[in-house]
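Visitor: Throughout the sequence shown, residue numbering follows the working numbering, covering 292 to 633 in sequence. Can you keep this structure in mind? I'll have questions shortly.
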Amino acid sequence: MEEDIKPPGKLRVGLTYNLKKDSFCGSDDTEAEYDNIETVYAIREALERYGCGVQLMEANADLPKKLSERTADIVFNIAEGTRGRGREAQVPAMLNFYGIPYTGSDETTLCIALDKALAKRLLSTYRIRTPRYRVVSNENRAAGNLKFPLIVKPNAEGSSKGISGISVVYDARELEALLDRNFDLYGQDMLVEEYIAGREFTVGVLGNGRDKRVFPPMEIVYLKKERFNIYSFEVKKDYEKLIRYECPADIDGKTESEMMRMACVIFDALRCRDFARIDFRLSEEGKAYFIEINPLPGLAPGYSDFPMLAQFCGVGYPELVSGVLQSALKRYGSKYILKEAT
Numbered sequence: 292m293e294e295d296i297k298p299p300g301k302l303r304v305g306l307t308y309n310l311k312k313d314s315f316c317g318s319d320d321t322e323a324e325y326d327n328i329e330t331v332y333a334i335r336e337a338l339e340r341y342g343c344g345v346q347l348m349e350a351n352a353d354l355p356k357k358l359s360e361r362t363a364d365i366v367f368n369i370a371e372g373t374r375g376r377g378r379e380a381q382v383p384a385m386l387n388f389y390g391i392p393y394t395g396s397d398e399t400t401l402c403i404a405l406d407k408a409l410a411k412r413l414l415s416t417y418r419i420r421t422p423r424y425r426v427v428s429n430e431n432r433a434a435g436n437l438k439f440p441l442i443v444k445p446n447a448e449g450s451s452k453g454i455s456g457i458s459v460v461y462d463a464r465e466l467e468a469l470l471d472r473n474f475d476l477y478g479q480d481m482l483v484e485e486y487i488a489g490r491e492f493t494v495g496v497l498g499n500g501r502d503k504r505v506f507p508p509m510e511i512v513y514l515k516k517e518r519f520n521i522y523s524f525e526v527k528k529d530y531e532k533l534i535r536y537e538c539p540a541d542i543d544g545k546t547e548s549e550m551m552r553m554a555c556v557i558f559d560a561l562r563c564r565d566f567a568r569i570d571f572r573l574s575e576e577g578k579a580y581f582i583e584i585n586p587l588p589g590l591a592p593g594y595s596d597f598p599m600l601a602q603f604c605g606v607g608y609p610e611l612v613s614g615v616l617q618s619a620l621k622r623y624g625s626k627y628i629l630k631e632a633t
């Protein structure tokens, strides 16, 4: 699977990733953040379409040795890391250690963004509106004066891990039972925040600085109205039956502009690079609330939100992948211009 690349005259791109192994230990969403090999192949095909030579580099125990051999000019990184609160930083930290350019945000940004409460705390200094929240541990479960209903999620997970149809609780008894379950399954602190009833949106950002492009909000529309609707792990697995995506969203210009402005502020405040996706809830009163940011968004074609949002905005999959790489190249001062192979 992992072949060497030494094509003369071509940009040599390493592609780092973590694969789903179907090892269902613990919760059924254990590998939710990892990619299928089909996604890896799709990214490779997109890069090859723009004249790149691609080396597949699974982020396993052999990766440090492969990186030390310096067979790539730049790395296209989609690796999520293997364990711990700072796992998304593992590959970028190694790339920085070896002085290898790479796409996407650096290890510091990825660590902060994965810790939902830490990101919210930092962004509050930029006056970014977010639901009232608390972080609770197994030893200290006090939710303070938060008002029910509350939504409970692992504080340092992505891809809706730990978010399910039972994640919204309506009283202290339900909260205690859910915390028991989640601490057992995920073994980490929980973010408890006031549930914002309303509509759900995501905004994509591609590029850096003056070249940054902010895609207009895409709405996740629930086909069946429940007591509450959340973009859970189960919904994402069965999205074709449970939701539809609308872009441009049916919202007024002021609300659209506010979400795009907030997304831009968040992207810059956290020092994101090249691409990211930011999630919002729009309350029944019409206020946009920041929920979380993913500076390492999924790129599964036909499934992940970021390429779907880009497609709605006229950016096809190969163009999106090459756009991420071109943004990184320019950021590193490279004059290499990606051109679609003829």
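We put the CB at the ideal spot given by N, CA and C, even for glycine.
(1) Would you check if the stretch 540-552 and the stretch 600-617 touch, i.e. whether three or more CB-CB distances between them fall below 8 Å?
(2) Considering Cα atoms alone, identify which of F558, Y627, V366 and V459 is closest to F506.
(3) Determine the extent of the beta strand (DSSP E) in which Q346 is found, giving its start and end residues.
(4) Tell me the DSSP bridge mates of T273?
(5) Do the CB positions of Q381 and T394 come within less than 8 Å of each other?
(6) Tell me the residue span of the alpha helix (DSSP H) that contains I534.
(7) What are the boundary residues of the beta strand (DSSP E) that L414 is part of?
(8) Could you tell me if the beta carbon of G605 falls within a distance shorter than 7 Å of some heavy atom in the ligand SAH?
(9) Just how far apart, CA to CA, sit V426 and P355?
(10) Could you tell me the distance, in whole angstroms, from the CA atom of L413 to the CA atom of E537?
(11) Within the same chain, show all residues whose beta-carbon is closer than 8 Å to that of P588, passing over the 5 residues directly before and after it, in chain order.
(12) Please state whether DSSP places T654 in a helix, a strand or coil.
(13) Using DSSP with H/G/I as helix, E/B as strand and the rest coil, what is P298?
(14) Return the CA-CA distance between A442 and M385, expressed in angstroms with no decimal places.
(15) Excluding the 5 residues flanking C402 on each side, which residues of the same chain have their C-beta closer than 6 Å to its C-beta?
(16) Applying the criterion that 16 or more other CB atoms from any shown protein chain within 10 Å of the CB defines a buried residue, is S396 buried or exposed?
(17) In its own chain, which residues sit with a C-beta less than 7 Å from the C-beta of D462, not counting the 5 before and 5 after it?
(18) What number of angstroms, rounded off, separates the C-alpha of F571 from the C-alpha of T307?
(19) Measure from the alpha carbon of N499 to the alpha carbon of each residue in R335, A560 and D326, then state which is nearest.
(20) Using CA atoms only, rank isn't needed, just tell me which of R501, D529, D502 and R504 is closest to Y513.
(21) Assuming V345 and R361 form a contact by the criterion Cβ under 8 Å, report the distance between their Cβ atoms to the nearest whole angstrom.
(22) Checking 8 Å against the spacing of the C-beta atoms, do N309 and D326 come in under that value?
(23) From A591 to A468, what does the alpha carbon distance come to, in whole angstroms?
(24) Please name the residue, chosen from V331, R303 and G305, that lies closest to K311 on a Cα-to-Cα basis.
(25) Assuming A540 contacts F519 (C-beta within less than 8 Å), just tell me the rounded distance between them.
(26) With a Cβ-Cβ cutoff of 8 Å, do T421 and R562 count as a contact?
Guide: Inspection of the coordinates gives the following:
(1) Not touching, per the Cβ criterion.
(2) Considering only alpha carbons, the answer is F558.
(3) In the DSSP assignment, Q346 falls within the unbroken beta strand (DSSP E) covering G344 to E349.
(4) Outside the shown range of the chain (292 to 633) lies residue 273, about which nothing can therefore be said.
(5) Taking 8 Å as the cut-off, the beta carbon of Q381 is found no closer than this to the beta carbon of T394.
(6) It is not in any alpha helix (DSSP H) - I534 instead sits in the beta strand (DSSP E) that spans I534 to E537.
(7) First-last for L414: K407 to S415, but that is the alpha helix (DSSP H), not the beta strand (DSSP E).
(8) Of ligands this structure carries none, so the ligand SAH is not represented either.
(9) Rounded to the nearest angstrom, the two C-alpha atoms are 34 Å apart.
(10) Straight across, the Cα-Cα distance linking L413 with E537 is about 30 Å.
(11) Here the set comprises G495, F566, A567, R568, S595, D596 and F597.
(12) Missing from the structure shown is residue 654; the chain here goes from 292 to 633 and no further.
(13) In this predicted model, P298 has a pLDDT of only 48, less than 50, meaning its place in the structure is not dependable; the value taken from the coordinates is given anyway. Correct three-state label for P298: coil.
(14) Residue identity differs from the one stated: residue 442 is Ile in this sequence, not Ala. If I take the Cα positions, the gap works out to 35 Å.
(15) So the list reads G377 and A380, once near-sequence residues are dropped.
(16) By the neighbour-count rule (16 or more Cβ atoms within 10 Å), S396 is buried.
(17) The answer, listed in chain order, is F439.
(18) In a straight line, the C-alpha of F571 is about 29 Å away from that of T307.
(19) Nearest C-alpha to N499: A560.
(20) Comparing alpha-carbon positions, the option among R501, D529, D502 and R504 lying closest to Y513 turns out to be D529.
(21) At roughly 16 Å, the Cβ-Cβ gap does not stay under 8 Å, so V345 and R361 are not in contact.
(22) With a cutoff of 8 Å on beta-carbon distance, N309 and D326 are scored as near each other.
(23) Using only the alpha carbons, I get a separation of about 34 Å.
(24) The shortest C-alpha separation from K311 is found at V331.
(25) Actually they are not in contact, since the Cβ atoms of A540 and F519 sit about 20 Å apart, beyond 8 Å.
(26) In this structure, R562 does not lie closer than 8 Å to T421 by Cβ.
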